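Using the working numbering, you'd call the opening residue of the sequence shown number 1 and step up by one each time. For every residue, glycine included, the Cβ atom is placed at its ideal position computed from N, Cα and C. What you are looking at is a predicted structure, and each value in this text was computed from that prediction instead of being measured.
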Amino acid sequence: MGGDLGPRTNIAGVLLALLQDPLLSVTLVGKQQLVKTLLLQHHLSRKLADRIHLLACNDQIGMHEAPASVLRHRQDSSMHLAIKLVAQGQCQGVVSGGNTGALMLISRHYLGMLPGIKRPAISTAIPTYKGQSYLLDLGANIDCQPENLLQFALMGSVMVSRVEGKARPRVALLNIGQEAIKGNSLVKAAANLISQHPCLNYVGYIEGNKIFSGDVDLVVCDGFTGNVALKTSEGLAGYLSGQIQTLFHKNWYSRLVGLMAQPLLHQLKQQMDPVRYNGGSFLGLQGCVVKSHGNADAQGFSFAIARAATEARQGLAECLQTAMQKLYLPYETN
Numbered sequence: 001m002g003g004d005l006g007p008r009t010n011i012a013g014v015l016l017a018l019l020q021d022p023l024l025s026v027t028l029v030g031k032q033q034l035v036k037t038l039l040l041q042h043h044l045s046r047k048l049a050d051r052i053h054l055l056a057c058n059d060q061i062g063m064h065e066a067p068a069s070v071l072r073h074r075q076d077s078s079m080h081l082a083i084k085l086v087a088q089g090q091c092q093g094v095v096s097g098g099n100t101g102a103l104m105l106i107s108r109h110y111l112g113m114l115p116g117i118k119r120p121a122i123s124t125a126i127p128t129y130k131g132q133s134y135l136l137d138l139g140a141n142i143d144c145q146p147e148n149l150l151q152f153a154l155m156g157s158v159m160v161s162r163v164e165g166k167a168r169p170r171v172a173l174l175n176i177g178q179e180a181i182k183g184n185s186l187v188k189a190a191a192n193l194i195s196q197h198p199c200l201n202y203v204g205y206i207e208g209n210k211i212f213s214g215d216v217d218l219v220v221c222d223g224f225t226g227n228v229a230l231k232t233s234e235g236l237a238g239y240l241s242g243q244i245q246t247l248f249h250k251n252w253y254s255r256l257v258g259l260m261a262q263p264l265l266h267q268l269k270q271q272m273d274p275v276r277y278n279g280g281s282f283l284g285l286q287g288c289v290v291k292s293h294g295n296a297d298a299q300g301f302s303f304a305i306a307r308a309a310t311e312a313r314q315g316l317a318e319c320l321q322t323a324m325q326k327l328y329l330p331y332e333t334n
């Protein structure tokens, strides 16, 4: 029940997700009395209330606590207990808006890594002119080796194929140019590995100004680059939204034009709103873990829950394990 906006927002998001998915049930891990009080404020029907379960916990990991410390010393925290539920098979996925580093480390501890996978990667959907694409890694791995990017490409390709139903997802490496001579040693070495893998539909480099084109299905990069790219695009979306609102409230004429354009503006906002794409999937773990933005509102949190539910139903972790044994281990580099 962590996150910048607190349990009230998370619970509202949970209820939205439950209303949109009649087959979903949720276990809330947190301060029992507080959670019960917040739930009572929504006057739930008996049918809806029966799909909500509580696990009492009074300890919550802070957003700025050191991951290694909380792994060792905070084993009664809500994050520990929630991930244990997945490890023990009592739940099929976990969603958290809390400390990303702690969530990753605790998830690795209890769930373990898929065989042969050296590092997990965080992936999310991004809007494009043609629907949506996926971007990874988003910050789990600041420093990478070429082999890591190959693994990210394989895992991401399997995920897109499974979740989106695309037989041969188009994979690209994020770079400063499309020419083969461009890029640093990491990108060039990774391109060599990825382009030679027989099971990847590698289409080459992609520049930052093309990641929203929809020309590729998966954009692969190291965690530092991916995090900067994602945060920059989110900031730009917020800036454009604010500027549009300011312009259409400047005078009576602009307000009239804004009123006439309102349906189109609403549609544009829906397409650009980062909330719609909230939820970063932790790929490479033996279980389903989705990280929600810490400052996500109720709707954003519900989207993260929906993503976890989709991945759990698709058996994404199990599919990744089977696929990586076929796609990566036989071609493993030394």
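- Taking L23 as reference, the option from R276, A172 and K47 with the minimal CA-CA separation is K47.
- The way I'd put it, the stretch 214 to 223 does touch the stretch 168 to 176; three or more beta-carbon pairs between them come closer than 8 Å.
- Close CB contacts of I305 within its chain, under the 7 Å cut and outside five residues either way in sequence, are with G13, V14, A17 and V95 (chain order).
- The Cβ atoms of L193 and L150 lie closer than 8 Å to each other.
- In this structure the stretch 21 to 37 lies against the stretch 50 to 65, because at least three pairs of beta carbons, one per stretch, are closer than 8 Å.
- The Cβ atoms of N201 and P169 lie closer than 8 Å to each other.
- Each residue's CA atom was taken as its position, placing A87 and K250 some 55 Å apart.
- Looking at the DSSP output, F282 bridges to I122.
- Annotated three-state conformation of L28 is strand, per DSSP.
- In this structure, DSSP gives N201 an extended state, which the three-state scheme calls strand.
- Here S157 has P169, V171, L200 and L218 as same chain residues with Cβ atoms under 7 Å from its own Cβ, once five neighbours each way along the sequence are excluded.
- Look at the stretch 66 to 93 and you find these whole runs of alpha helix (DSSP H), each 4 residues long or longer: 67 to 73 and 78 to 87.
- One Cα belongs to S281, the other to L81, and the distance between them is close to 19 Å.
- If you check the CB distance, L283 and M113 do not come in under 8 Å.
- DSSP places I206 within a strand segment (E or B) once states are collapsed to three.
- Within 10 angstroms of the beta-carbon of Q20 lie fewer than 16 other beta-carbons, which makes it exposed.
- Rounded to the nearest whole angstrom, the C-alpha separation of L316 and A153 is 15 Å.
- The C-beta separation of L135 from G6 comes to about 28 Å, leaving the pair out of contact by the 8 Å criterion.
- Under DSSP, the beta-bridge partners assigned to T128 are G131.
- Distance from the Cα of S69 is smallest, within the candidate group L105, V228 and I206, for L105.
- According to the DSSP assignment, L218 belongs to the beta strand (DSSP E) that extends over L218 to V220.
- Judged by beta-carbon spacing, I11 lies within the 8 Å limit of L38, meaning their Cβ atoms are closer than that value.
- Separation of M324 and N141 (C-alpha to C-alpha, rounded to the nearest whole angstrom) is 19 Å.
- Going by C-alpha positions, H109 is about 51 Å away from F248.
- For H109, the enclosing alpha helix (DSSP H) begins and ends at T100 to L111.
- In this chain, the beta strand (DSSP E) harbouring K291 covers V289 to K291.
- I126 places its beta carbon less than 8 Å from that of F212.
- DSSP places I52 in the strand class (E or B) of the three-state scheme.
- DSSP assignment within the stretch 216 to 252 yields the following whole beta strand (DSSP E) runs of 3 residues or more, N-terminal first: 218 to 220.
- Per DSSP, the beta bridge partners of D59 are S77.
- S123 is a Cβ neighbour of M159, given a cutoff of 8 Å.
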